[in-house]
């Protein structure tokens, strides 16, 4: 069956049965049902529990899914593993259109037999199944949230264009928490666990046509269908970027992952070569996943490797120039025309060559003058502004100026702004206006490099998708 | 003269003249004087201003330093560059024991002539001079703070053992802000600017005997006396670690720094070789300066490269194993005895091999059992705990358990805990109890590697200073 075409029911059900719903707040089914209620899910909710008697969380409960009167689009299953196959069978008989099996206790502990039954039932009823052993999905637009983690443990993100897909539930919840904390906007979260049915290939095939998904962040350890994965990845990255943190990329790590991805086993270098060929961006760790996600989320594309550096802190310009060099980027050389213009606006002590150190007393006027010149200079492909908010001249007007130029220029622009509370307040202003902000020149340069590689890939493979900007 | 022996007066003056003190809050001299007052400096404060008339900030002001009745230990000078030499000359005549020249406008803008006069006056009067073009010093124990940046722009740190030295004022204030924000304890901050008199060598010679300084973080672009610097560095690192972020380490960056350090010019690889020879730890950027500073601040030393990984999130264990491998570290193999003990305490689904994934429902009891075994295992040199506070079982009891074992074990221990608000609260608990907490396995592994390299250096050079632990 075309799994990916049926998958949409996981995110947009009109009715949901929660099998394992419970009055007991310690039960996973309780938290999941509470989430559906708290999120303001607009469809019907049917709690199902073999011991049900009356109502669960104020909603009429059923002992069996077959006892529900109307149709059921989605079943979320959170009961002991041994009981899952028969519950899924009942779902099939009832005509349920899709299921999420949250329960663990399948192939991850050697119970391949139980898991194979899920696969078989799914196929027999042409019913897409996510999991088992997963956190399920989150889609803030349709108000679906099957995470069984309370919001005090895990911040929920705002709505946006980033879809995060994770094989591991633990990495999934942690990165989702980081995504929220960093102020990313989320399109969808998909935790697919053991992938008894829906796997990496199905997910990408589904997401390629998902209009809300602008970029995909991915944590994976193994790929079940390597060749098909690379084929869909190749098509996908022509349209939108995929950043993958692949666990088990070293011999030791691979052993730790009990990886079944023989076809892809090898060194980080080998992975990089394969990833590059298919336009995939490889992140080295969860933090890099977010660094790269941040710059891709702007949907900017770049045309070359010449980076202009503008700063109010000379030492940081030196570190930034080192960082460009270490990442194979170049310091831009401004045109004579640009340098002449800069001289008019900068005090005499400022050397108008790159990297442009505007001195510690630079204020918004000086930042504005510099950005005005640099953003129009044909010798500049990308802009790195290092704005130290600790210095006397830097305040919220500088942040506002950077936000203004972010929307003025087509050139990709990142801001480096390390520091404490005062800096953080301004960083949040800028981040929420779509500026990628980094805590060091190195992380900013690595991210610009990732953007350059992806932009060149898209360009070279002949399908240029312009640098549409999204606010 | 033995500059470093006279330097202490910069940090422990009994009386301070602030030359350029002013009623005008926009003036640097105003902010510096306000700082001395706000910090509760216990000595005498003499505002000096050529236009003074009566009192400045409520304190009796003087038109000339010569007019002050008693002796003056330290002069902080914040007046236009042209006027600095004659003011410094007056300080010399008055018998002032040391001076900090905050003012800019010297060699950094080509006025070598003005700067040479400072050097000459300093020598003639045997008067140590810090600067010009610097932020001066901060020493919270003696309540000295010459930073002309208000506390709302730049958080002030708590008292501790980290001394941060910066050539660049901008990097200085930014990293100081990061140090405060990350909860480091500060011994001293020294911004030395153009180094007309006091340079890197003097500073290290002074700090080697400073009991409050347990580790040194350093930002530098050039070294004036390369050979002497390396000689004092070699002696220094036998006793306490130095982490250096060196700007201008690439050909392009070096050009940006207008570096005069021809003797040290070369690739990052060449620097690494030289640094390694003298026991210096090289940080690649300001963020790495803090990552490494964090682990050195524990004063732990390690005896080998075998790292035990304990986690409640399997995917993170895979990433962590990759990170160990990428940093030349090894995953520890527990003894049979340890594995047997672990089996008693872990649920049957947990595989007690390294990396130890205790499953997503691991609580403090399980963390305690694992740490108890691992901390005593002779096959384990270092411990990396990846504690995902997003998971159902992790709460403040887990943090308390980690804090307990930090004080129980002699083995270096780091915690990886990425995430949002709930995680951050626990991270602060742990950090303030002396546990280095990282946001990713990669940054943790890089830091363990830095600790290993330094520990081995100290051991191999035959002067073992035991792993005294400081809370």
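Residue numbers (the numbering used here), protein chains in the order written: chain Y, 1 to 471; chain E, 1 to 471. All C-beta atoms, glycine included, are put in the ideal place defined by N, C-alpha and C. Being a predicted model, the structure only gives us computed values, none of them experimental.
Quick one: what does DSSP say residue i is sitting in, helix, strand or coil?
{"i": "residue 99/Y", "result": "strand"}
{"i": "residue 432/E", "result": "helix"}
{"i": "residue 139/E", "result": "strand"}
{"i": "residue 383/Y", "result": "strand"}
{"i": "residue 262/E", "result": "Low confidence applies to residue 262/E: its pLDDT is 35, below 50, so where it sits in the model is not reliable, and the reading given next is rough at best. Residue state, collapsed to three classes: helix."}
{"i": "residue 357/E", "result": "strand"}
{"i": "residue 413/Y", "result": "strand"}
{"i": "residue 368/E", "result": "helix"}
{"i": "residue 125/E", "result": "coil"}
{"i": "residue 472/Y", "result": "The question about residue 472/Y has no answer, for chain Y in this structure spans 1 to 471."}
{"i": "residue 223/Y", "result": "coil"}
{"i": "residue 17/Y", "result": "strand"}
{"i": "residue 235/E", "result": "helix"}
{"i": "residue 388/E", "result": "coil"}
{"i": "residue 344/Y", "result": "helix"}
{"i": "residue 60/Y", "result": "strand"}
{"i": "residue 144/E", "result": "strand"}
{"i": "residue 5/E", "result": "helix"}
Does the CB of residue i have a neighbour CB from chain Y at under 8 Å?
{"i": "residue 12/E", "result": "no"}
{"i": "residue 180/E", "result": "yes"}
{"i": "residue 327/E", "result": "no"}
{"i": "residue 476/E", "result": "Since the displayed chain E opens at 1 and closes at 471, residue 476/E lies outside it and no answer follows."}
{"i": "residue 332/E", "result": "no"}
{"i": "residue 303/E", "result": "no"}
{"i": "residue 131/E", "result": "no"}
{"i": "residue 287/E", "result": "yes"}
{"i": "residue 460/E", "result": "no"}
{"i": "residue 39/E", "result": "no"}
{"i": "residue 99/E", "result": "no"}
{"i": "residue 243/E", "result": "no"}
{"i": "residue 80/E", "result": "no"}
{"i": "residue 474/E", "result": "An answer regarding residue 474/E cannot be provided, because it is not within the stretch 1 to 471 covered by chain E."}
How would you write the range of the alpha helix (DSSP H) that residue i sits in, first residue to last?
{"i": "residue 77/E", "result": "From DSSP, residue 77/E is part of no alpha helix (DSSP H) but of the beta strand (DSSP E) over 74 to 77."}
{"i": "residue 396/E", "result": "396 to 408"}
{"i": "residue 45/Y", "result": "Looking at the DSSP string, residue 45/Y is not in any alpha helix (DSSP H); the run it does join, the beta strand (DSSP E), is 44 to 48."}
{"i": "residue 29/Y", "result": "28 to 38"}
{"i": "residue 329/E", "result": "Looking at the DSSP string, residue 329/E is not in any alpha helix (DSSP H), and its letter there is neither H nor E."}
{"i": "residue 239/E", "result": "Counting along the chain, residue 239/E falls outside any alpha helix (DSSP H), and DSSP gives it neither H nor E."}
{"i": "residue 87/Y", "result": "84 to 94"}
{"i": "residue 448/Y", "result": "441 to 460"}
{"i": "residue 473/Y", "result": "The first residue shown for chain Y is 1 and the last is 471, placing residue 473/Y beyond what the model contains."}
Just curious, the beta strand (DSSP E) that residue i is in, first and last residue?
{"i": "residue 219/Y", "result": "215 to 220"}
{"i": "residue 160/Y", "result": "158 to 166"}
{"i": "residue 244/Y", "result": "242 to 246"}
{"i": "residue 195/Y", "result": "Note, residue 195/Y: premise wrong, no beta strand (DSSP E); not H, not E."}
{"i": "residue 176/E", "result": "Unbroken run through residue 176/E is the alpha helix (DSSP H), 169 to 181; no beta strand (DSSP E)."}
{"i": "residue 188/E", "result": "185 to 191"}
Please check if any C-beta of chain E sits within less than 8 Å of the C-beta of residue i.
{"i": "residue 119/Y", "result": "no"}
{"i": "residue 390/Y", "result": "yes"}
{"i": "residue 442/Y", "result": "yes"}
{"i": "residue 174/Y", "result": "yes"}
{"i": "residue 431/Y", "result": "no"}
{"i": "residue 145/Y", "result": "no"}
{"i": "residue 256/Y", "result": "yes"}
{"i": "residue 219/Y", "result": "yes"}
{"i": "residue 318/Y", "result": "yes"}
Considering only heavy atoms of the ligand NAP, does any lie closer than 7 Å to the CB of residue i?
{"i": "residue 410/Y", "result": "The ligand NAP is not among the ligands present in this structure, which contains no ligands whatsoever."}
Check whether the segment 23 to 34 of chain Y and the segment 108 to 116 of chain Y touch, using three or more Cβ-Cβ pairs below 8 Å as the test.
no
Between the segment 325 to 335 of chain Y and the segment 438 to 447 of chain Y, can you find at least three pairs of beta-carbon atoms closer than 8 Å?
yes
Which residue spans inside the segment 271 to 316 of chain Y form an unbroken beta strand (DSSP E) run of at least 3?
281 to 283, 306 to 311
Does the pairing of the segment 152 to 159 of chain E with the segment 136 to 143 of chain E give three or more beta-carbon distances under 8 Å?
yes
Is the segment 429 to 444 of chain E close to the segment 266 to 286 of chain Y, with three or more CB pairs under 8 Å?
yes
Validate contact between the segment 312 to 322 of chain Y and the segment 235 to 253 of chain E using beta carbons, cut 8 Å, 3 pairs:
yes
Under 8 Å, with one C-beta from each stretch per pair, do the segment 418 to 434 of chain E and the segment 356 to 370 of chain E reach the 3-pair mark?
no
Three or more C-beta pairs closer than 8 Å, one from the segment 192 to 207 of chain Y and one from the segment 112 to 129 of chain Y: is that the case here?
yes
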